[in-house]
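To start, the structure under review is shown below, and the notes come after it.
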Amino acid sequence: MLTCREVSHQADAYLDNELGFWKRLRIRLHLFMCNGCARFMGQMRITRSLVLAEADTADTGDDARIESILAALHTK
133 MLTCREVSHQ ADAYLDNELG FWKRLRIRLH LFMCNGCARF MGQMRITRSL
183 VLAEADTADT GDDARIESIL AALHTK
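Taking the working numbering, I'd label the letters of the sequence shown as residues 133 to 208.
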């Protein structure tokens with residue numbers, strides 16, 4: 133079985149459907165058995181969907197808004 137570290141390192145490839153059948157199956161099995169990794173993968177899905185949604189609606193000419201968001205992220 134994969135370790136939590138292996139699953140977390142392959143999370144992006146898993147979510148992008150870049151892995152083969154057997155690797156995906158091994159990750160799914162791990163997620164079924166590991167609540168921590170299942171939560172992590174769920175959070176990754178949510179984060180990715182929010183970032184993609186924001187990127188779709190963002191005005192590329194709104195540099196001030198982008199700078200304020202980046203500044204807020206750096207202060208946290």
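Glycine included, each C-beta is placed from N, C-alpha and C at the ideal position.
Report the residue from the options whose alpha carbon sits nearest the alpha carbon of residue i.
i    : options                   : result
M181 : E138, H141, L147 and L134 : Going by the sequence as given, residue 181 is Ser instead of Met. Nearest C-alpha to S181: L147.
C169 : C136, H141 and A185       : C136
Whole-angstrom Cβ separation of residue i and residue j, contact assumed at under 8 angstroms?
i    : j    : result
M173 : L163 : 6 angstroms
M133 : L157 : Actually they are not in contact, since the Cβ atoms of M133 and L157 sit about 11 angstroms apart, beyond 8 angstroms.
I159 : V183 : Contact doesn't hold; Cβ gap of about 22 angstroms is too wide.
Below 6 angstroms CB to CB, which residues in the same chain sit around residue i once its five sequence neighbours on both sides are set aside?
i    : result
A145 : L151
K155 : none
Identify the continuous alpha helix (DSSP H) that holds residue i and give its terminal residues.
i    : result
C136 : C136 to H141
D195 : D195 to T207
L151 : Note, L151: premise wrong, no alpha helix (DSSP H); not H, not E.
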